[in-house]
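Q:
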Amino acid sequence: MKSNSKTKIFLNIGLLAIFVGVIIYVMDNSLSDIFAQLMETSWLVLLLVIILGVVYQFVEGRSIKEIAGHFQKDFTTKDGFFTSCYVAFYRVISFGTGTLLSEIYFYKKKGLAVSQGIGVTALHMIMYKLAVIFWAILGLIFQFSLFYERSPKMIPFILAGVILTFLIILSLLVLSSSINLQILLITWANKFFKRKGLRDWVDKCNLQIYSLRETVQTIIKDRSAILRIFGWNVVKLLFWYVIPYVVLVENHPNIDFLLVFSFTSFAVILSGVFPTPAGIGPFEFVYLLLFKPLVGTVDAVSSLLLYRFGSFVLPFLIGFIFVVVEKRREIQSELHAVRKEKRETLEDE
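Using this note's numbering, read the sequence shown as starting at 3 and increasing by one per residue.
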């Protein structure tokens, strides 16, 4: 037991050291431009960006609570807030590969079963993408004439983005709620997997998929809950989409709010379908493609960097603080266990 506690202490300290190393690497290579831009930004604009970014996380926390609260009544908006920041942290240090796993793991720590965590994660993603579609279609409707005049070739891409995002949503719903698909997969697995170990694994997966479907169906059947979750996701995007306007209006007082808002929503939905040059992220490429003709290269890049700070770096920093506090608590708990064992050993002697 004593050896086990010491091992956990060294593992937690090792993980913290790895986290710090990765963060230094990311800060130096990927986020240096963003922090350089912060130094050149007025304190008022920076404060507004931080407020919008933090409010987004609270609204996101509420939307997560609406889903996870169906299965864990003690799950709060605060838990949802830290879920989002926790995932943002692991998205950065794992370079995107640990995003979904970190969210499922957080729900598991809050008392949800793995299948429930997967179900909550799937619905969370579905509702986010539905909100993205909602704002993109609304922006296209209200800005169609202006957009047709300035960038008519972009309209098919926006429509393609909407269609592909909808297909992703449909695929997620089918995978997480279709009993026919589950039967098909199990029939196929039983046909090709003959070894007992593999069959047991298939049976275990079957139970998890069944639980996942039950999780998704539990929420989908509650129409009022679906509307609330969708509503919170629509509202949360408001706070991110407003950031470019807050940044740009200082140097461009006559810039149209709805146009900037719509361009931001188009950049989000196009980033998933637009082919981009090597070394440039899809969102960054589309964002600059839309905003450079509107405000010039310098201001477009500045607004992009501050948008990335509010939507990407800020939740990552909050998540980092949360993880450090969590690891510190775990290390203190293990140190307390080691000291207690040592005292008990001395008393026995």
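For glycine and all other residues, C-beta sits at the position ideal for the given N, C-alpha and C.
Report yes or no: do three or more beta-carbon pairs, one from the region 64 to 73 and one from the region 292 to 304, lie closer than 8 Å?
A: With a cut-off of 8 Å, the region 292 to 304 and the region 64 to 73 do not count as touching, because too few Cβ pairs lie within range.
Q: Would you identify the three-state DSSP class for PRO284, choosing helix, strand or coil?
A: In this structure, PRO284 counts as helix in the three-state DSSP scheme.
Q: Determine the extent of the alpha helix (DSSP H) in which LEU260 is found, giving its start and end residues.
A: Unbroken alpha helix (DSSP H) run through LEU260: 259 to 272.
Q: Following the continuous alpha helix (DSSP H) through PRO246, name the residue where it begins and the one where it ends.
A: 245 to 250 is the span of the alpha helix (DSSP H), which, as asked, contains PRO246.
Q: Just to confirm my understanding: we take LEU48, look at its own chain, exclude 5 residues before and 5 after, and list those with CB closer than 7 Å. What are they?
A: The answer, listed in chain order, is LEU40.
Q: Just to confirm, is the Cβ distance from LEU229 to ILE171 under 8 Å?
A: Cβ distance not < 8 Å, so LEU229 and ILE171 don't count as in contact.
Q: For GLY281, collect the residues of the same chain with a Cβ closer than 8 Å to its Cβ; drop the 5 residues on either side in sequence, then sort them by chain order.
A: Model confidence at GLY281 stands at a pLDDT of 42, short of 50, so the residue's coordinates are unreliable; what they give is reported in the following sentence. The answer is none, since no qualifying residue turns up.
Q: What span of residues does the alpha helix (DSSP H) with SER34 cover, start to end?
A: Here the alpha helix (DSSP H) through SER34 covers 34 to 41.
Q: Looking only at its own chain, which residues have a Cβ that is under 8 Å from the Cβ of TYR107, when we skip the five neighbours before and after it?
A: So the qualifying residues of the chain are GLY119.
Q: Going by other Cβ atoms of all chains shown within 10 Å of its Cβ, with 16 needed for buried, is ARG429 buried or exposed?
A: Residue 429 lies beyond the residue range present for the chain, which begins at 3 and ends at 351; the question has no answer from this structure.
Q: What are the boundary residues of the alpha helix (DSSP H) that includes ALA124?
A: Looking at the DSSP string, the run of the alpha helix (DSSP H) that includes ALA124 is 116 to 144.
Q: Whole angstroms are fine: how far does the CA of ARG310 sit from the CA of LEU103?
A: Straight-line Cα distance between these residues: approximately 23 Å.
Q: Give me the Cα-Cα distance between TYR289 and VAL218, rounded to the nearest whole angstrom.
A: Whole-angstrom Cα-Cα distance: 34 Å.
Q: Please state whether DSSP places LEU13 in a helix, a strand or coil.
A: Helix.
Q: In whole angstroms, what is the alpha-carbon distance linking LEU161 and ARG331?
A: Their backbone Cα atoms lie some 49 Å apart in a straight line.
Q: Can you tell me which of the three DSSP states ASP81 falls into?
A: ASP81: helix per DSSP, three-state reduction.
Q: State the DSSP-derived secondary structure class of GLU332, mapped to helix, strand or coil.
A: Helix.
Q: Count the other CB atoms within 10 Å of the CB of GLN334; is the residue buried (16 or more) or exposed (fewer)?
A: It counts as exposed.
Q: Within 10 angstroms of its Cβ, does GLU68 collect 16 or more other Cβ (buried), or is it exposed?
A: Result: buried.
Q: Ordered along the chain, which non-local residues of its own chain (more than five positions away) have a Cβ less than 7 Å from that of LEU306?
A: Excluding positions up to five away in sequence, the list reads GLU286, TYR289, LEU290.
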